[in-house]
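Have a look at the structure below before the remarks.
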Amino acid sequence: MIPSGSLEAGGLGDIIAPMTLTIDEVEYIAELARLSLRQKEKEIYREQLSKILDYAARLNDLDTASIPGTFSVVPHQISLRQDQSRPGIGEEKLLRNAPLTEEGQFKVPPILD
Amino acid sequence: MPEFSQLTLKQITAGLRKGDFSSRELVQAFLDRIERLEPQLNAFISIQPEKVLEQADQADRRYRTWRKSPESSLPALLGVPVAVKDVLCVNGLRCTAGSRILENFEPVYDATAVARLIAAGGLILGKTNTDEFAMGSSTENSAYGVTHNPWDINRVPGGSSGGSAAAVAANMAPIALGTDTGGSVRQPASYCGITGIKPSYGRVSRYGLIAFGSSLDVVGVLGQNVEDVSRVFNLIAGHDPQDSTSVDAPAPNFSPDQPPENVFKSLRIGVPQEYFISGLQPEVEACVKTAIKLMEDYGALVEMISLPHTEYSVPVYYLIAPAEASANLARYDGIRYGPRLDADSIQAINSITRGEKFGSEVKRRVMLGTYALSAGYYDAYYGQAQKVRTLIKNDFERAFEQVDIIAAPVAPSTAFKIGEHTDDPLSMYLEDIFTIPANLAGIPGLTVPAGLDQNRLPVGIQLMGAPFKEDVLFKTGQAFQSITRHHLEKPIL
């Protein structure tokens, strides 16, 4: 049921090189994204991400030099409210779902040695 | 009096007002049906039977008081049970987003769309199953099991609002809220033979919606017909100061009683050539073309149009949506909410918790998005995708200068078998090819049933309109339903 011609990588432009990620690159991305992966997962994702990014490279077929990006589909609007304080959600509610708290705070390991 | 669960929303509200039945009887009927069908369908993640029956009793008390002075006003959905996709927060009721990382999360407020339904008297039956964080087209990516299509339990209901679609199609709820980021209301509505609206971006507040792709996410409605869906849409739509992307647009002025000839005569329908490609299931093409021909017979002016950048929609979406998701899902850190897999450093807590508790599709998309936004690649991937998005949006703008409505298939095929695409993520992504463009452009889209294939699986037709022109979609969809019976077909359960 796949529309014809869609799976082949289209003309690769000079911005994005032919796409095969290395395991090192997958590990780097996983670190940035704070995702701990098993060795088998790294290999599977390496293959899948490479294929998807390779497919996405067809966007380079298009000349977009003079085209602005669409970051929002609604007209840019400034939404401000009156500078008046009002009650927040409250500490108890905000901490209610936290797995570990102490004295009204989220408890975490030390940040500084 | 038909079985309560088979009633439309319109029949339900009329019956409750007249006193033909009580809210309790009605809600009990839906709860009984849920109990009977859930083992086969798995449409719900959470149900709250005691609470909803209590609320039904309160609604009944209110009806009794109202009947003593019937000139006083009554909330529009008083005593009506509704289902809500498990990515919209309901205060005090577990909200999982289909994920283990929120397995015991309890929201402390209602999403605006939910609050508006509750203010209108609606009763929350439960939370429906969804692909994890709304990422998927089949509801196979849920950590709470697959939802089965009521028309054939070996097939998917579509996704990510598969639970909501299955619930409505199986009459487990008369109406349901869903969300649509790349097609997740329209496609399951098509696969399940029901009606679904993806409103214009900005129409319905996203406050309280667990964010996936913030420039794409829209809250939508699934129901048995256009009239029901449009009523609930009117209740939830409208500016919300708590969502800075919500727009103050006038409510659509749509009257459901217009004769079809009046609606169709001189309605300009555009048929995009790029949506009729090889690979489209022949029966899907046939049902959609028959529907368009019927509208033409009633006076519509049909013309072929071109949306030349359609083929780039999938790669654009699968860079933008994961990029936005990677930012939106950074908050699931094992510290503020959800389970925590403990470790010696914050980074280790984050990584181990997320690695264990996110499913594979979520991890895949978060990594894709992280890559697309990372230093050195931002302009080439995310930046380029946003520019091509402009080209796609412009295609629609040009089209709507010539036509009032665009008619197209919803998906390349009818509901596929469970497991058919799970080995090849890219083949799954290509299922979204006809729905993604509307999200990229921010325009509204409506699915209405257009027939059944030879396996008795539903085919939907998609109507797309210019921004904030839901009234044209509702008007056209309603008129179509007044001259066809496809929306009256039901799965055999």
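Here the protein sequences line up with chains S and C, keeping their order. For the first sequence, the numbering used here assigns the number 1 to the initial residue and increments by one for each residue that follows. For the second sequence, the numbering used here assigns the number 1001 to the initial residue and increments by one for each residue that follows. Ideal Cβ positions, reconstructed from N, Cα and C, are used throughout, including at glycine.
Distance cutoff 9 Å, beta carbons only. Does residue i sit that close to anything in chain C?
i: residue 112/S; result: no
i: residue 23/S; result: no
i: residue 4/S; result: For residue 4/S, the predicted model reports a pLDDT of 31, less than 50, meaning its position is unreliable and no value from the coordinates is stated.
i: residue 64/S; result: yes
i: residue 51/S; result: yes
i: residue 120/S; result: Outside the modelled stretch of chain S, which goes from 1 to 113, sits residue 120/S, for which no answer is possible.
i: residue 39/S; result: no
i: residue 11/S; result: Low confidence applies here, because residue 11/S scores a pLDDT of 31, under 50, leaving its location unreliable and the question unanswered by this model.
i: residue 1/S; result: With a pLDDT of 32 at residue 1/S, under the threshold of 50, the predicted position of this residue should be treated as unreliable, and no value is reported.
Helix, strand or coil, according to DSSP, for residue i in the structure here?
i: residue 1152/C; result: strand
i: residue 1481/C; result: helix
i: residue 36/S; result: coil
i: residue 1/S; result: The pLDDT assigned to residue 1/S is 32, lower than 50, so where the model puts this residue is not dependable; a value taken from the coordinates is nonetheless given after this. In the structure shown, residue 1/S sits in coil (DSSP, three-state: anything other than H, G, I, E or B).
i: residue 1177/C; result: strand
i: residue 1435/C; result: coil
i: residue 1407/C; result: strand
i: residue 1133/C; result: helix
i: residue 1128/C; result: strand
i: residue 10/S; result: Here the model assigns residue 10/S a pLDDT of 32, short of 50, so the residue's position is not dependable, and the following value carries that caveat. Residue 10/S: coil per DSSP, three-state reduction.
i: residue 1007/C; result: coil
i: residue 1111/C; result: coil
i: residue 1351/C; result: helix
i: residue 19/S; result: coil
i: residue 58/S; result: helix
Determine, for residue i, whether the minimum Cβ-Cβ distance to residues of chain S falls below 9 Å.
i: residue 1334/C; result: yes
i: residue 1100/C; result: no
i: residue 998/C; result: With chain C running from 1001 to 1493 in the structure shown, residue 998/C is simply not present.
i: residue 949/C; result: Residue 949/C falls outside the range modelled here, since chain C spans only 1001 to 1493, and no answer is possible.
i: residue 1205/C; result: no
i: residue 1141/C; result: no
i: residue 1473/C; result: no
i: residue 1384/C; result: yes
i: residue 1370/C; result: yes
i: residue 1097/C; result: no
i: residue 1381/C; result: yes
i: residue 1356/C; result: yes
i: residue 1461/C; result: no
Can you tell me whether residue i is buried or exposed, with buried defined as 16 or more other CB within 10 angstroms of its CB?
i: residue 1251/C; result: exposed
i: residue 1174/C; result: buried
i: residue 1431/C; result: buried
i: residue 1081/C; result: buried
i: residue 1384/C; result: buried
i: residue 1072/C; result: exposed
i: residue 1478/C; result: buried
i: residue 65/S; result: exposed
i: residue 80/S; result: exposed
i: residue 88/S; result: exposed
i: residue 1486/C; result: buried
i: residue 1480/C; result: buried
i: residue 1129/C; result: buried
i: residue 1186/C; result: buried
i: residue 1069/C; result: exposed
Run down chain S in chain order and give the residues with a C-beta less than 8 Å from the C-beta of residue i.
i: residue 1056/C; result: Within 8 Å Cβ-Cβ: nothing; residue 1056/C doesn't reach chain S, min ~27 Å.
i: residue 1419/C; result: Those within 8 Å of residue 1419/C in chain S number zero; the least Cβ separation is about 15 Å.
i: residue 1367/C; result: 26, 29, 30, 33, 35, 45 and 49
Chain C partners of residue i, CB-CB under 7 Å?
i: residue 85/S; result: By Cβ distance, chain C contributes nothing, its closest Cβ being about 16 Å from residue 85/S, past 7 Å.
i: residue 93/S; result: 1108
Name, please, each residue of chain C whose Cβ falls closer than 8 Å to the Cβ of residue i.
i: residue 72/S; result: 1215 and 1245
i: residue 82/S; result: Chain C residues near residue 82/S: none, gap ~11 Å exceeds 8 Å.
Please list, in chain order, the chain S residues whose beta carbon lies closer than 7 Å to that of residue i.
i: residue 1390/C; result: 67, 68, 69 and 70
i: residue 1032/C; result: None at all; the shortest Cβ gap to chain S is about 33 Å.
i: residue 1344/C; result: 109
Under 9 Å Cβ-Cβ, which residues of chain S neighbour residue i?
i: residue 974/C; result: One cannot answer for residue 974/C here, as it falls past the ends of chain C, which runs 1001 to 1493.
i: residue 1256/C; result: Those do not exist, as residue 1256/C stays about 28 Å from chain S at its closest Cβ, beyond 9 Å.
Can you find a heavy atom of the ligand PLP that lies under 8 Å from the Cβ of residue i?
i: residue 1388/C; result: What this structure holds is no ligand at all, so the ligand PLP is not there to describe.
Taking contact to mean at least 3 C-beta pairs separated by less than 8 Å, is the stretch 1124-1136 of chain C in contact with the stretch 1092-1107 of chain C? yes
Give a yes or no on contact between the stretch 1360-1369 of chain C and the stretch 1323-1334 of chain C, applying the rule of three or more CB pairs nearer than 8 Å. yes
With a threshold of 8 Å, are at least 3 pairs of Cβ atoms found where one atom belongs to the stretch 1464-1473 of chain C and the other to the stretch 1196-1215 of chain C? yes
Per the contact definition of three or more C-beta pairs closer than 8 Å, is the stretch 1346-1353 of chain C in contact with the stretch 1299-1306 of chain C? no
Is the stretch 1268-1284 of chain C in contact with the stretch 98-112 of chain S, if contact means three or more CB pairs nearer than 8 Å? no
Please determine if the stretch 1256-1266 of chain C and the stretch 1236-1245 of chain C are in contact, where contact requires at least 3 C-beta pairs separated by less than 8 Å. no
Is it a yes or a no for the stretch 82-96 of chain S touching the stretch 1036-1043 of chain C, going by three-plus beta-carbon pairs under 8 Å? no
Counting pairs of Cβ atoms below 8 Å between the stretch 1390-1402 of chain C and the stretch 1418-1426 of chain C, do you hit three or more? no
Under 8 Å: do the stretch 1280-1295 of chain C and the stretch 1174-1183 of chain C share three or more Cβ pairs, one atom per stretch? no
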